[in-house]
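Residue numbers (UniProt numbering): 1 to 370.
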């Protein structure tokens with residue numbers, strides 16, 4: 001049945017290792033559903049929106065981390081927008097000097113060290129603050145019933161977006177054979193050990209500071225000063241590597257289109273072209289992030305509008321198209337349930353995310369220093 005799938009028009013992409021165009025590259029999965037270009041472009045648009053919004057979220061994270069570091073040394077801090085611009089510029093330099101996903105492998109060990117040190121130090125201070133807190137923490141969820149429901153669906157979308165970090169071990173594990181076995185091992189580790197640490201820090205933070213805890217947890221820490229500087233420094237440095245992983249497909253798609261593939265990546269011509277391309281991407285993303293002080297709300301929109309279809313709906317549609325005739329009733333029912341439930345959930349969470357953005361737009365103003 002797979003042989004009957006009509007392949008789309010071949011797409012040129014950059015072969016990172018050989019620095020040549022691979023003319024046999026296709027995306028048959030999207031075309032397996034309707035044998036046309038419609039869903040192919042739908043998937044392409046959703047994927048690139050996800051990557052762009054994720055990059056904006058990282059720029060905001062980097063800006064907040066730098067602002068927290070600055071506040072430890074100056075009583076009067078500069079506006080958040082200043083640090084957002086600094087973060088965007090540093091990300092630009094990294095993407096310019098580390099142009100491809102394969103070049104990122106040299107930074108993965110450092111990334112792991114930064115992550116582990118960040119988690120251990122943060123968890124230690126959270127436990128200290130929670131034990132020493134003399135005030136009665138408020139763990140209640142405030143707001144009207146409607147607000148609680150809307151915020152709950154927004155939280156579901158945000159959780160999905162935050163769990164997209166499993167993309168990195170999934171990609172890395174497919175570089176050696178057997179790819180499927182390695183990918184399953186990597187994802188199992190990500191969604192057991194990784195989630196235990198991720199949710200562990202979140203739960204301890206909620207216990208230590210209550211329901212009023214900041215979305216950026218390091219801003220709540222009591223100290224010591226060196227630990228706060230260390231944690232925020234590691235958060236910023238790690239974000240440099242993480243954002244590049246999400247944005248690399250966009251960079252490489254642009255490089256494939258506009259760079260001279262018959263020349264080396266660091267030839268004078270390609271250096272100039274890559275400088276222009278990276279400047280456009282990070283200039284646009286940095287400006288939008290600085291413009292909207294509630295960029296974090298767009299993470300909810302990211303999870304609801306793009307990740308629900310990409311993660312849960314499209315794979316089941318592909319399964320039914322490719323193996324629907326040979327699968328049993330239980331398998332068919334399972335995938336139809338996925339399609340219906342997660343399509344409805346995507347619609348509801350998208351509406352919730354849009355309402356949250358509209359409400360915050362009434363509170364904040366453009367270029368606000370939040």
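Just so you know, even glycine gets a beta-carbon here, dropped at the ideal spot from N, CA and C.
All values reported here derive from a predicted model rather than from experimental measurement.
When the options are compared against residue i, the one with the closest alpha-carbon
{"i": "residue 86", "options": "237, 143 and 49", "result": "237"}
{"i": "residue 393", "options": "303, 329 and 266", "result": "This structure gives no information on residue 393, because the portion of the chain shown stretches from 1 to 370."}
{"i": "residue 199", "options": "98, 217 and 313", "result": "217"}
{"i": "residue 44", "options": "307, 323 and 345", "result": "307"}
{"i": "residue 302", "options": "208, 189, 162 and 327", "result": "162"}
{"i": "residue 159", "options": "195, 60 and 327", "result": "195"}
{"i": "residue 239", "options": "57, 123 and 51", "result": "57"}
{"i": "residue 143", "options": "242, 110 and 211", "result": "211"}
{"i": "residue 315", "options": "326, 140, 337 and 107", "result": "337"}
{"i": "residue 48", "options": "329, 138, 179 and 248", "result": "248"}
{"i": "residue 64", "options": "228, 325 and 326", "result": "228"}
{"i": "residue 357", "options": "203, 324 and 147", "result": "147"}
{"i": "residue 74", "options": "94, 225 and 128", "result": "225"}
{"i": "residue 140", "options": "330, 246, 355 and 213", "result": "213"}
{"i": "residue 281", "options": "96, 37, 79 and 80", "result": "96"}
Residue i: first and last residue of the uninterrupted alpha helix (DSSP H) it sits in
{"i": "residue 251", "result": "225-258"}
{"i": "residue 371", "result": "The requested residue 371 does not occur in the structure, where the chain is confined to residues 1 to 370."}
{"i": "residue 190", "result": "Run containing residue 190: none; DSSP gives neither H nor E here."}
{"i": "residue 63", "result": "38-71"}
{"i": "residue 335", "result": "329-363"}
{"i": "residue 292", "result": "Note, residue 292: premise wrong, no alpha helix (DSSP H); not H, not E."}
{"i": "residue 141", "result": "Taken as a continuous stretch (DSSP letters only), residue 141 belongs to no alpha helix (DSSP H), as it is neither H nor E."}
{"i": "residue 126", "result": "108-132"}
{"i": "residue 316", "result": "314-323"}
{"i": "residue 300", "result": "297-302"}
Contact belief for residue i with residue j at Cβ below 8 Å, rounded distance in angstroms
{"i": "residue 118", "j": "residue 250", "result": "Contact flag wrong, Cβ pair sits at about 26 Å."}
{"i": "residue 67", "j": "residue 77", "result": "6 Å"}
{"i": "residue 157", "j": "residue 343", "result": "Rounded, the Cβ-Cβ distance is 14 Å, inconsistent with contact."}
{"i": "residue 206", "j": "residue 220", "result": "No, residue 206 and residue 220 are not in contact; Cβ-Cβ is about 11 Å, not under 8 Å."}
{"i": "residue 233", "j": "residue 69", "result": "6 Å"}
{"i": "residue 107", "j": "residue 241", "result": "5 Å"}
{"i": "residue 254", "j": "residue 366", "result": "That pair is no contact at about 28 Å."}
{"i": "residue 201", "j": "residue 123", "result": "6 Å"}
{"i": "residue 252", "j": "residue 100", "result": "6 Å"}
{"i": "residue 51", "j": "residue 191", "result": "Their Cβ separation, rounded to whole angstroms, is 21 Å, which puts residue 51 and residue 191 out of contact at 8 Å."}
Cut-off 6 Å between Cβ atoms - residues of its own chain near residue i, not counting five sequence neighbours on either side
{"i": "residue 320", "result": "335"}
{"i": "residue 352", "result": "150, 153 and 154"}
{"i": "residue 273", "result": "258 and 259"}
{"i": "residue 310", "result": "46"}
{"i": "residue 61", "result": "239"}
{"i": "residue 30", "result": "Note that residue 30 scores 46 on pLDDT, short of 50, meaning its location in the model is unreliable; the coordinates nonetheless yield the value given after this. Counting only Cβ-Cβ distances below 6 Å, and skipping sequence neighbours, we find 39, 40 and 43."}
{"i": "residue 243", "result": "55, 58 and 91"}
{"i": "residue 189", "result": "none"}
Same chain only: Cβ atoms within 8 Å of residue i, ignoring 5 sequence neighbours per side
{"i": "residue 71", "result": "77"}
{"i": "residue 263", "result": "269 and 270"}
{"i": "residue 128", "result": "222"}
{"i": "residue 313", "result": "338, 339, 342, 343 and 346"}
{"i": "residue 116", "result": "none"}
Nonlocal neighbours in the same chain, by C-beta distance under 7 Å from residue i, ignoring five residues either side
{"i": "residue 121", "result": "227, 230 and 231"}
{"i": "residue 176", "result": "182"}
{"i": "residue 94", "result": "240 and 244"}
{"i": "residue 355", "result": "150"}
Cβ-heavy atom distance, residue i to the ligand ADP, below 7 Å
{"i": "residue 113", "result": "Of the ligands one can find in the structure shown there are none, so the ligand ADP has no counterpart to examine."}
Say whether the region 282-294 touches the region 73-86, bearing in mind that this needs 3 or more beta-carbon pairs closer than 8 Å, one atom from each stretch.
-> With a cut-off of 8 Å, the region 73-86 and the region 282-294 count as touching, because enough Cβ pairs lie within range.
Pair every Cβ in the region 271-278 with every Cβ in the region 295-305, then say whether three or more of these pairs are closer than 8 Å.
-> Counting C-beta pairs closer than 8 Å gives fewer than three between the region 271-278 and the region 295-305, which falls short of the contact rule.
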